[in-house]
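In my numbering, the protein residues as written are 2 to 185. Notes for the one structure printed next.
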């Protein structure tokens with residue numbers, strides 16, 4: 002018998018001064034049995050960084066045709082595709098062909114650095130691709146915030162990101178390894 006996903010509930014308050022986005026979100030996240038708390042919290046962070054009324058969690062962990070998060074317009078066209086971790090380069094290329102914008106949040110220290118170095122040339126060909134690296138210390142600290150029921154606050158200002166639960170707060174530095182080409 003297969004192990005079922007673990008359900009997490011998060012009340013997420015977002016104050017994004019850069020985008021002037023201030024909202025509360027009641028989220029339900031399913032953590033796949035092979036997913037870690039670290040990856041779950043990186044998905045939650047990615048949601049906070051791109052929060053929008055049409056942004057939703059996908060089945061990216063189990064279905065190569067879906068993102069970890071994605072935003073579709075009213076016609077079903079994919080405006081934003083977000084993956085976390087170190088997805089296969091072929092899957093990223095496929096996502097870049099399907100979506101207007103693709104963002105990958107990689108983490109894991111040296112493993113993420115090696116993944117990026119090995120695929121850098123292929124990534125450079127994708128004009129709508131952005132790759133952001135998150136430091137291992139931050140993502141591991143985020144994992145400690147993971148609980149089945151969470152009340153979290155996320156503040157984004159001047160390029161800085163803080164995610165906390167009232168008792169602890171984690172500052173997350175983002176390093177852009179590859180930026181998407183400017184849209185005309």
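Glycine is no exception: its CB is placed at the ideal position from the N, C-alpha and C atoms. Bear in mind the structure is a predicted one, so any value in this text is a computation, not a measurement.
Exercise for review: Look at the alpha carbon of residue 180 and the alpha carbon of residue 126, and state the distance between them as a whole number of angstroms.
Suggested key: In this structure, the CA atom of residue 180 is about 12 Å from the CA atom of residue 126.
Exercise for review: Could you check what DSSP says for residue 90 in three-state terms: helix, strand or coil?
Suggested key: DSSP places residue 90 within a helical segment (H, G or I) once states are collapsed to three.
Review point. What's the gap between the Cα of residue 116 and the Cα of residue 149?
Key: Computed Cα separation, rounded: 31 Å.
**Study point:** Distance between residue 95 and residue 57 (C-alpha atoms, nearest Å)
**Key:** Spanning the two alpha carbons is a distance of roughly 19 Å.
Practice item. To the nearest angstrom, report how far apart residue 97 and residue 103 are at their CA atoms. Key: Near 6 Å, if we compare the C-alpha coordinates of residue 103 and residue 97.
Check your understanding: Which partner residues does residue 37 have in the DSSP bridge list?
Key -> BP columns for residue 37 are empty, so no partner.
Review point. Residues in its own chain within less than 6 Å of residue 131 by CB, not counting five upstream and five downstream?
Key: Hits under 6 Å: 104, 180, 181.
Exercise for review: Grab the span of the alpha helix (DSSP H) containing residue 115 for me, first residue to last.
Suggested key: Segment 111 to 125, the alpha helix (DSSP H) holding residue 115.
Check your understanding: What span of residues does the alpha helix (DSSP H) with residue 138 cover, start to end?
Key -> From DSSP, the alpha helix (DSSP H) with residue 138 extends over 137 to 144.
Check your understanding: Hey, quick one: how far does the beta strand (DSSP E) through residue 108 stretch, first residue to last?
Key -> Segment 100 to 108, the beta strand (DSSP E) holding residue 108.
**Study point:** Which residues DSSP lists as bridging residue 22, in chain order
**Key:** In the DSSP assignment, residue 22 forms a beta bridge with 17.
Point to revise | Best match in 166, 173, 12, 135 for proximity to residue 110 [C-alpha to C-alpha] | key: Residue 135 is the option with its Cα nearest to residue 110.
Point to revise | Euclidean distance between Cα positions of residue 186 and residue 82 | key: The chain is shown only over 2 to 185; residue 186 falls outside these bounds and no answer can be derived.
Exercise for review: Figure out for me which residue from 90, 36, 51 has the closest Cα to the Cα of residue 19.
Suggested key: Nearest option by C-alpha distance: 51.
Practice item. Please look up how many angstroms separate the CB atoms of residue 6 and residue 28, rounded, as I've assumed it's under 8 Å. Key: Residue 6 to residue 28, Cβ: 14 Å. No contact.
Exercise for review: Could you check if residue 60 is buried or exposed, using at least 16 other CB atoms within 10 Å of its CB as the buried criterion?
Suggested key: Exposed, since its Cβ has fewer than 16 Cβ neighbours within 10 Å.
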